[in-house]
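Undergrad: Have a look at the structure that comes next, please.
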Amino acid sequence: MKPLYNPSFALCLRPSLNHGSRRAFAASSSRPLPRKNEDPTPKAPSNPLLDNYLKRKPPGPPRLARGDLAPSSIFEQDRQKGDGEPSAPSKTSTEEDDARPKPIRDSAALAGVLDPDPSSRLRWERKKTIQSIRHRGRISRTLMLKRTERESLSKSQLFKTSVKKLSPLARQIAGKSIEDAITQMRFSRKKVSRDVGEHLEAARNRAIVARGMGLGEVEGTKGEPVVIQTKEGKRRVVEDRTGIYIDQAWVGRGPYGQGLDYRAMGRVHLLRLPTTSLSVVLKEEATRVRQHAERQEKRRNRKLWVQLPDRPVTAQHPYYTW
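For the sequence shown, the UniProt record's numbering assigns the number 1 to the initial residue and increments by one for each residue that follows.
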């Protein structure tokens with residue numbers, strides 16, 4: 001009885017390896033096997049300069065958290081009811097500030113922008129310190145007004161109009177309160193009045209947020225109503241001393257654009273399209289009240305005009321001297 005498995009027949013059926021496969025098999029068989037605790041992946045050679053740089057490099061800014069509704073929002077309860085989640089107790093503002101990630105700022109990186117020329121800054125500080133000691137702490141009138149009265153300067157973007165068309169609107173809103181000026185631009189028939197009105201609204205919002213102007217009704221510093229006379233000679237009643245008005249308004253010429261004007265016979269004319277900006281200075285009504293009081297004080301202190309000087313007659317002679 002013959003066996004079912006013939007080893008010589010199996011060796012004959014084994015496929016032969018080509019030259020490349022033999023070289024790969026020989027190289028893999030000659031390579032030592034990795035140990036159990038050894039990492040088979042090759043490691044890159046260490047670079048001391050790179051390691052030192054990574055140690056001194058500040059960490060990157062934290063990843064911004066995804067925005068969501070505030071815990072005190074009126075829509076938060078409805079959303080939790082819809083999701084079936086229990087309403088969590090609202091956090092205080094202090095806890096929210098503590099939980100909020102603090103931005104990491106590198107002073108060395110910001111020094112190039114915040115303090116580009118340290119030597120000039122030190123010289124300027126030394127100069128101002130010497131001036132304050134020389135003046136014994138007294139400040140000038142201009143600096144005193146800058147510290148006690150609020151003002152805001154806002155410059156608009158370039159409007160596609162000319163100086164000749166924008167100047168009448170600047171003269172129209174100068175001296176008016178900010179609300180009256182916005183109303184004037186709302187009902188004006190000028191094409192650029194809409195852009196001017198939007199700029200006035202943005203300037204008003206910036207003055208309220210950045211300078212704290214126009215908050216007399218909220219803070220209770222409106223003051224008593226007073227009748228004043230403006231420098232143009234008009235009388236008006238100031239009910240809120242923190243009200244915002246336009247003290248100055250002027251226009252500025254911008255760069256010219258280019259346009260094409262297609263004519264007959266295949267001709268094309270090159271147009272110069274003008275651009276103009278509008279700048280406004282916003283102040284509070286307290287400034288006009290102070291200016292009115294100064295004009296009244298100056299008028300009261302003015303000497304009475306007389307035709308001849310009121311003085312005793314001297315050097316009298318009984319005869320003519322000519």
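Think of the CB as a built atom: it goes at the ideal place given N, C-alpha and C, for glycine as much as any other residue. Small disclaimer: the values here were computed from a predicted structure and weren't measured.
1. What's the gap between the Cα of R302 and the Cα of L158?
2. Considering only residues of the segment 228-292, which uninterrupted alpha helix (DSSP H) runs meet the minimum length of 4 residues and lie entirely inside it, listed in chain order?
3. Going along the chain, which residues of its own chain have a beta-carbon closer than 7 Å to the beta-carbon of K155, five neighbours each way excluded?
4. Buried or exposed: which applies to S73, given that a residue is buried once 16 or more other Cβ atoms fall within 10 Å of its Cβ?
5. For the segment 280-288 against the segment 239-248, do three or more pairs of beta-carbon atoms, one drawn from each stretch, fall closer than 8 Å, so that the two count as touching?
6. Taking Y262 as the reference, which of L270, P255, Y256 has the closest Cα?
7. Suppose the cutoff is 6 Å on Cβ atoms and the five residues either side in sequence are ignored; what does the same chain contact list for residue 331 look like?
8. Indicate the three-state DSSP secondary structure (helix, strand or coil) for E149 in the structure shown.
9. Using three-state DSSP, classify S177 as helix, strand or coil.
10. Relative to the alpha-carbon of Y256, which residue among T230, T275, K191, W305 has its alpha-carbon at the smallest distance?
11. Are the C-beta of V226 and some C-beta of chain C separated by less than 8 Å?
12. Please state whether DSSP places S154 in a helix, a strand or coil.
13. I need the boundaries of the alpha helix (DSSP H) containing T129, first residue and last residue.
14. Taking the alpha helix (DSSP H) that K55 falls in, what are its first and last residues?
15. Please confirm whether A210 and L282 have their CB atoms less than 8 Å apart.
16. Tell me whether V226 sits in a helix, a strand or coil according to DSSP, three-state version.
17. At the level of alpha carbons, what is the spacing between W124 and S188?
18. On the premise that L166 lies in contact with V251, defined as a C-beta separation below 8 Å, what is that separation, rounded to the nearest angstrom?
19. Check each candidate in I173, G259, W322 and name the one with the smallest Cα separation from R272.
20. Between D106 and Q131, what straight-line distance do the alpha-carbon atoms span, to the nearest angstrom?
21. Hey, quick one: how far does the alpha helix (DSSP H) through R206 stretch, first residue to last?
22. Which residue or residues does DSSP assign as beta-bridge partners of F159?
23. For T129, count neighbouring C-beta atoms within 10 Å of its own C-beta (all shown protein chains included) and say buried if the count is 16 or more, exposed if not.
24. Please state if the CB of Q229 and the CB of H317 are separated by a distance shorter than 8 Å.
25. Under 6 Å Cβ to Cβ from L153, same chain only, skipping five residues before and after it: list those, please.
26. State the Cα-Cα distance for the pair P118 and I178, rounded to the nearest angstrom.
27. Where residue 334 and E151 are concerned, what is the direct C-alpha to C-alpha distance, given to the nearest angstrom?
28. Hey, out of L50, S46, I104, V163, whose CA is closest to R63's CA?
TA: On the basis of the supplied data:
1. One-based indexing of the sequence shown puts residue 302 at position 302. One-based indexing of the sequence shown puts residue 158 at position 158. Near 47 Å, if we compare the C-alpha coordinates of L158 and R302.
2. Listed in chain order, there is nothing to give.
3. On the sequence shown, residue 155 is found 155 positions in, with the first residue counted as 1. For K155, where only same-chain residues beyond five positions count, the Cβ hits under 7 Å are S277, S279.
4. As a first step, residue 73 must be located in the sequence shown, where it is residue number 73. So S73 counts as exposed.
5. Contact between the segment 280-288 and the segment 239-248 is present, because at least three Cβ pairs lie under 8 Å.
6. Walking along the sequence shown from the start, residue 262 turns up at place 262. Taking the Cα of Y262 as reference, the smallest distance to any Cα among L270, P255, Y256 is reached at L270.
7. Lying outside 1 to 322, the shown extent of the chain, residue 331 is not represented and no answer is given.
8. Along the sequence shown, one-based indexing puts residue 149 at 149. E149 falls in the coil class under three-state DSSP.
9. Locating residue 177 in the sequence shown gives position 177, where the first residue counts as 1. Three-state DSSP puts S177 in a strand.
10. Here residue 256 refers to the residue found at position 256 when the sequence shown is read from its first residue. For Y256, the nearest C-alpha among the options comes from T275.
11. In summary, chain C is missing from the structure at hand, where a single protein chain is found.
12. Residue 154 sits at position 154 when you count from the first residue of the sequence shown. Three-state result, S154: strand.
13. Numbered from 1 along the sequence shown, position 129 holds the residue referred to as residue 129. Segment 118-134, the alpha helix (DSSP H) holding T129.
14. Numbered from 1 along the sequence shown, position 55 holds the residue referred to as residue 55. Boundaries of the alpha helix (DSSP H) around K55: 48-56.
15. Counting from 1 along the sequence shown, the entry for residue 210 is found at position 210. Counting from 1 along the sequence shown, the entry for residue 282 is found at position 282. Contact flag unset, no.
16. Residue 226 sits at position 226 when you count from the first residue of the sequence shown. Strand.
17. Along the sequence shown, one-based indexing puts residue 124 at 124. Along the sequence shown, one-based indexing puts residue 188 at 188. Spanning the alpha carbons of W124 and S188 requires a straight line of approximately 49 Å.
18. For the purposes of this step, residue 251 is identified with residue 251 of the sequence shown, where counting begins at 1. For the purposes of this step, residue 166 is identified with residue 166 of the sequence shown, where counting begins at 1. About 5 Å; that satisfies the 8 Å criterion.
19. Mapped onto the sequence shown, residue 272 falls at position 272. Shortest Cα-Cα distance from R272 to any of I173, G259, W322 involves G259.
20. Against the sequence shown, residue 106 aligns to sequence position 106. Against the sequence shown, residue 131 aligns to sequence position 131. Each residue's Cα considered, the two are about 34 Å apart.
21. Taking the sequence shown and counting its residues from 1, the one referred to as residue 206 is at position 206. From DSSP, the alpha helix (DSSP H) with R206 extends over 193-211.
22. Along the sequence shown, read from residue 1 onward, the residue named residue 159 stands at position 159. Beta-bridge pairing links F159 to T276.
23. Along the sequence shown, one-based indexing puts residue 129 at 129. Exposed: under 16 other Cβ atoms inside 10 Å.
24. Looking up residue 317 in the sequence shown gives position 317. Looking up residue 229 in the sequence shown gives position 229. In this structure, Q229 does not lie closer than 8 Å to H317 by Cβ.
25. Here residue 153 corresponds to residue number 153 of the sequence shown, with the count starting at 1. In the same chain as L153, and ignoring 5 residues on each side of it, the C-beta atoms closer than 6 Å to its own belong to V281, in chain order.
26. Here residue 118 refers to the residue found at position 118 of the sequence shown. Here residue 178 refers to the residue found at position 178 of the sequence shown. P118 and I178: Cα-Cα distance of roughly 41 Å.
27. Nothing about residue 334 can be reported from this structure: the residues present for the chain run from 1 to 322 only.
28. Within the sequence shown, the letter at position 63 stands for residue 63. Shortest Cα-Cα distance from R63 to any of L50, S46, I104, V163 involves I104.
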